[in-house]
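Remarks on the structure that follows.
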Amino acid sequence: MTPKNPVHVVGRPVEQEPEFATPSMSAPDSGRVAWMRVLWQERRVLGRACVAGLVLSLLLAIVIPVKYESKTRLMPPDQQSGSGLAMLAALAGRGSSGGSAGGMTGALGGSLGNVAGDLLGLKSSGALFVDMLDGPTIQDELILKFDLRKVYGDKYFEQARKDLEKRTDVKEDRKSGVITITVTDHDPHRAQAMAQAYVDGLNGLVAQVSTSSARRERIFIEGRLNTVRQNLDAALREFSEYASKNGTFNVPEQTKAMVESEGALQGQLIAAQSELEGLKQIYTDNNIRVRSLEARVAALKRQVETMSGNKADLSSDESQIPGDFPSIRKLPLLGVRWANLYRESKIQETVYEMLTQEYELAKIQEAKEIPSVNLLDPPLLPERKSFPPRILIVLLGTLLAFFLGSSIAIGLEAWRQSQSPEKQFANEVWAHFAARDSRTIAMAHRVWSKFNGRNGSSSTRVA
């Protein structure tokens, strides 16, 4: 039996059903088997497509720059954001230590603390630290320290901040409060250094913006300490100049020593005078022993007068005793000024010592109150790249090429077997353009005819 061909009568085709259906539309070839047969027929084309996808994906995986990740984890200090939250936290703490009822109270207090924080718009220390890490202050420090504008090829700081933000991931775990900082860079050493720079910059910024009472006290004591130091230097300088000019180093001890020395001289003078009177009763005035003793008595009198200051000018600042020492009569006058200067220097010295101790205590207290982060995991040097996953890229590229080739093959086969009005309209359009004397259009028509050749040959096949 031969298949019947359509007959055109008066320009109208007579539709006749084919006696044999196409192989692809037969019962055994329906569904998935038909598409699998199409793929098997186009296996060489699909193989070439897979090889091309493999090569292209391999080249793409090699060309993509390698990236490294360095991570560090921080634990912020547990601080409340306000007095109300602190009271609720204290309520939760007391309740948690009192059995089951206390546990319910503690849970209620903690829930109220969270609700109050949400209503008031307050943030925990972890959320504040995340905002500070993403802020321009720390970002600008990293940009200047590592010259990231040159590394990223940016001209302005704003562009460098955006690129740095893309390469930095800062996350906070809501349950534990741990902050994770992940820095991505093409250089593993720079990635590690940048992660550590984030930690150092956060500590510095927290210390800079801290407004605790201990910090204010430390600043006040520091300013007062500088003032007292200047006053102490001025008092010591004035006291030393006065003591050096008048020879008053220690007026009480100096007065005691001079009185004792004058008493000794007075005793020697009395003894010498008694001896002189005895010699005058025995010898004449021209005797050598008498004359020698008279000279000694005169010298002792001069020393006693000089030391006592009986003939000294009290208004004069010049010393009357050889060796630049003041007389006994002048010591009380000099002692008043000396005592005032000495007392002032001792007062300033005592105040300076007290302020120095308070300053050290204030620094210790400030260090305790400043919320510094606790470094859980320091940034490590990445040993393996984090991107790109070359094996995955190659596999995905090959699979994509296979699925793309399969889709094209199945789509073309479905188009060849289709008898839809759209296909008939497309054939009429191609036939119209093929009638023209254009080689390009004629070549395109031949390609189109080649695509539809299988459908025509299968329809005229005789069983």
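Residue numbering for the sequence shown follows the working numbering, beginning at 787 and increasing consecutively.
C-beta atoms are modelled at their ideal positions from N, C-alpha and C, and glycine is treated no differently.
From a predicted model like this one, the values you see are computed outputs, not experimental measurements.
Checklist line | Cβ-Cβ distance between A1217 and E828 below 8 angstroms | finding: Mapped onto the sequence shown, residue 1217 falls at position 431. Mapped onto the sequence shown, residue 828 falls at position 42. Not a contact, by the Cβ cut-off of 8 angstroms.
Next item on the list: Can you check DSSP and say which residues form a bridge with D971?
Entry: Position 185 of the sequence shown holds residue 971. Here D971 is bridged, per DSSP, to Y854.
Margin query: Suppose contacts are defined by Cβ-Cβ distances below 8 angstroms. Is N1160 in contact with L846 by that definition?
Written below: Residue mapping note: residue 1160 aligns to position 374 of the sequence shown, counting from 1. Residue mapping note: residue 846 aligns to position 60 of the sequence shown, counting from 1. No, the Cβ-Cβ distance between N1160 and L846 is not below 8 angstroms.
Check: Who are the near neighbours of E927 in its chain, counting only those whose CB is closer than 6 angstroms to its CB and skipping five residues on each side?
Finding: By one-based count along the sequence shown, residue 927 stands at place 141. Hits under 6 angstroms: G987.
Note to self: Tell me which residue opens and which closes the beta strand (DSSP E) that D955 is part of.
What the structure shows: The residue given as residue 955 occupies position 169 in the sequence shown. T954 to E958 is the span of the beta strand (DSSP E), which, as asked, contains D955.
Item checked: Cut-off 7 angstroms between Cβ atoms - residues of its own chain near E1080, not counting five sequence neighbours on either side -> Here residue 1080 refers to the residue found at position 294 when the sequence shown is read from its first residue. Here the set comprises L1062.
Next item on the list: Can you give me the Cβ contacts of P1168 inside the same chain, cut-off strictly under 8 angstroms, excluding the 5 residues immediately before and after it?
Entry: The residue labelled residue 1168 in the question sits at position 382 within the sequence shown. Closer than 8 angstroms at Cβ, skipping near neighbours: Y854, E855, S856, P974, A977 and Q978.
Checklist line | Residue closest to G1191, alpha-carbon to alpha-carbon, out of V824, A820, V819 and R818 | finding: Here residue 1191 corresponds to residue number 405 of the sequence shown, with the count starting at 1. The candidate whose alpha carbon is nearest that of G1191 is V824.
Item checked: Residue of V937, T970 and G1197 minimising C-alpha distance to L1166 -> Within the sequence shown, numbered from 1, the residue matching residue 1166 stands at position 380. Ranking V937, T970 and G1197 by Cα distance to L1166 puts T970 first.
Next item on the list: Could you check the C-alpha separation between S1243 and A1212 for me, to the nearest Å?
Entry: Stepping through the sequence shown from its first residue, residue 1243 is reached at position 457. Stepping through the sequence shown from its first residue, residue 1212 is reached at position 426. Legend: pLDDT at S1243 = 47, less than 50; position of this residue unreliable, no value from coordinates given.
Next item on the list: State the Cα-Cα distance for the pair L842 and T1184, rounded to the nearest angstrom.
Entry: In the sequence shown, residue 842 corresponds to position 56, counting from 1. In the sequence shown, residue 1184 corresponds to position 398, counting from 1. For L842 and T1184, the distance between alpha carbons rounds to 9 angstroms.
Check: When the Cα atoms are used, what is the spatial distance from L930 to R960?
Finding: Numbered from its first residue, the sequence shown carries residue 930 at position 144. Numbered from its first residue, the sequence shown carries residue 960 at position 174. If I take the Cα positions, the gap works out to 32 angstroms.
Item checked: Per DSSP, the bridge partner or partners of I965 -> Position 179 of the sequence shown, counted from the start, is the residue given in the question as residue 965. Answer is L860 and E958, bridged to I965.
Next item on the list: Below 8 angstroms CB to CB, which residues in the same chain sit around Y1069 once its five sequence neighbours on both sides are set aside?
Entry: For the purposes of this step, residue 1069 is taken as the residue at position 283 of the sequence shown. These residues qualify, in order along the chain: R1075 and V1076.
Next item on the list: Name, in chain order, the residues that DSSP records as bridge partners for L1161.
Entry: Against the sequence shown, residue 1161 aligns to sequence position 375. Looking at the DSSP assignment, L1161 forms a beta bridge with L860.
Margin query: For a test of your reading of the model: does the CB of L950 fall under 7 angstroms from any non-hydrogen atom of the ligand FAD? Yes or no.
Written below: No copy of the ligand FAD appears in this structure; indeed no ligand is present at all.
Notebook entry, point to check: Can you find at least 3 beta carbon pairs, one from the region 914 to 922 and one from the region 943 to 958, that sit closer than 8 angstroms?
Noted result: yes
Checklist line | CA-to-CA distance, I1133 to L1127, given in whole angstroms | finding: Indexing the sequence shown from 1 puts residue 1127 at position 341. Indexing the sequence shown from 1 puts residue 1133 at position 347. Going by C-alpha positions, L1127 is about 10 angstroms away from I1133.
Notebook entry, point to check: When the Cα of L844 is compared with those of I1177, P862, E1199 and A1187, which residue comes out closest?
Noted result: For the purposes of this step, residue 844 is taken as residue 58 along the sequence shown, with counting starting at 1. Of the candidates I1177, P862, E1199 and A1187, the one whose C-alpha sits nearest the C-alpha of L844 is I1177.
Note to self: Please report the distance separating the alpha-carbon of L1086 from that of G1064.
What the structure shows: Looking up residue 1086 in the sequence shown gives position 300. Looking up residue 1064 in the sequence shown gives position 278. Each residue's CA atom was taken as its position, placing L1086 and G1064 some 18 angstroms apart.
Note to self: Using a 10 Å radius around the Cβ and a threshold of 16 neighbouring Cβ atoms, would you call V837 buried or exposed?
What the structure shows: Counted from its first residue, the sequence shown places residue 837 at position 51. V837 comes out exposed.
Check: Near L1022, what residues of its chain come up, given a Cβ to Cβ distance below 6 angstroms and the 5 sequence neighbours on each side ignored?
Finding: Translated into positions along the sequence shown, residue 1022 becomes position 236. S1131.
Checklist line | Closest residue to T966 among K1031, Y984, P1207 and R1015 (Cα-Cα distance) | finding: Taking the first residue of the sequence shown as 1, we reach residue 966 at position 180. Of the listed residues, the one whose Cα sits closest to T966 is Y984.
Check: Are the beta-carbon atoms belonging to R953 and Q925 less than 8 angstroms from one another?
Finding: To locate residue 953, count along the sequence shown from 1; it is residue 167. To locate residue 925, count along the sequence shown from 1; it is residue 139. Cβ atoms of R953 and Q925: not closer than 8 angstroms.
Checklist line | Beta-carbon contacts of K1171 that lie in its chain and below 7 angstroms, excluding the five residues immediately before and after | finding: Numbered from 1 along the sequence shown, position 385 holds the residue referred to as residue 1171. So the qualifying residues of the chain are V852, K853 and Y854.
Item checked: I1007 to L1147 span [Cα, whole Å] -> As a first step, residue 1007 is located in the sequence shown; it is residue number 221 there, counting from the start. As a first step, residue 1147 is located in the sequence shown; it is residue number 361 there, counting from the start. Looking at the two C-alpha atoms, the distance is approximately 10 angstroms.
Next item on the list: Grab me the residues of V964's own chain with a C-beta within less than 6 angstroms of its C-beta, minus the 5 sequence neighbours each way, in chain order.
Entry: In the sequence shown, the residue the question calls residue 964 occupies position 178. For V964, where only same-chain residues beyond five positions count, the Cβ hits under 6 angstroms are R859 and M861.
Notebook entry, point to check: Anyone know if the C-beta pair for V992 and S1193 falls short of 8 angstroms?
Noted result: Mapped onto the sequence shown, residue 992 falls at position 206. Mapped onto the sequence shown, residue 1193 falls at position 407. The answer is no: Cβ separation not under 8 angstroms.
Item checked: Enclosing alpha helix (DSSP H) for E1169 [first to last residue] -> As a working mapping, residue 1169 is identified with position 383 in the sequence shown. Element bounds for E1169: n/a, residue is neither H nor E.
Item checked: Sequence-distant residues of its chain with Cβ nearer than 6 angstroms to G990 (five each side left out) -> Within the sequence shown, residue 990 is the residue found at index 204, counting from 1. If the five residues before and after G990 are omitted, its C-beta is found closer than 6 angstroms to no C-beta atom of its own chain.
Item checked: CB contact flag (R935, L1141, <8 angstroms) -> Against the sequence shown, residue 935 aligns to sequence position 149. Against the sequence shown, residue 1141 aligns to sequence position 355. Going by C-beta atoms, R935 is not nearer than 8 angstroms to L1141.
Margin query: For a test of the three-state rule: what should DSSP assign to N989, helix, strand or coil?
Written below: For the purposes of this step, residue 989 is identified with residue 203 of the sequence shown, where counting begins at 1. Three-state result, N989: helix.
Item checked: Residue burial classification, E1199 (beta-carbon count within 10 angstroms, cutoff 16) -> For this step, residue 1199 is matched to residue 413 along the sequence shown. In summary, E1199 is buried, with 16 or more beta-carbon neighbours lying within 10 Å of its beta-carbon over all protein chains present.
Item checked: Neighbour-count burial assignment, M822, 16 or more Cβ in a 10 Å radius -> As a first step, residue 822 is located in the sequence shown; it is residue number 36 there, counting from the start. M822 comes out exposed.
Checklist line | E1152, buried or exposed, once every other Cβ within 10 Å from all chains shown has been counted against 16 | finding: If you number the sequence shown from 1, residue 1152 lands on position 366. With 16 or more other Cβ atoms within 10 Å, it is buried.
Check: Of all the options V1215, N1072, I1156 and Q982, which has the alpha carbon lying nearest to the alpha carbon of S999?
Finding: Working through the sequence shown from its first residue, we reach residue 999 at position 213. Here the closest residue by C-alpha is I1156.
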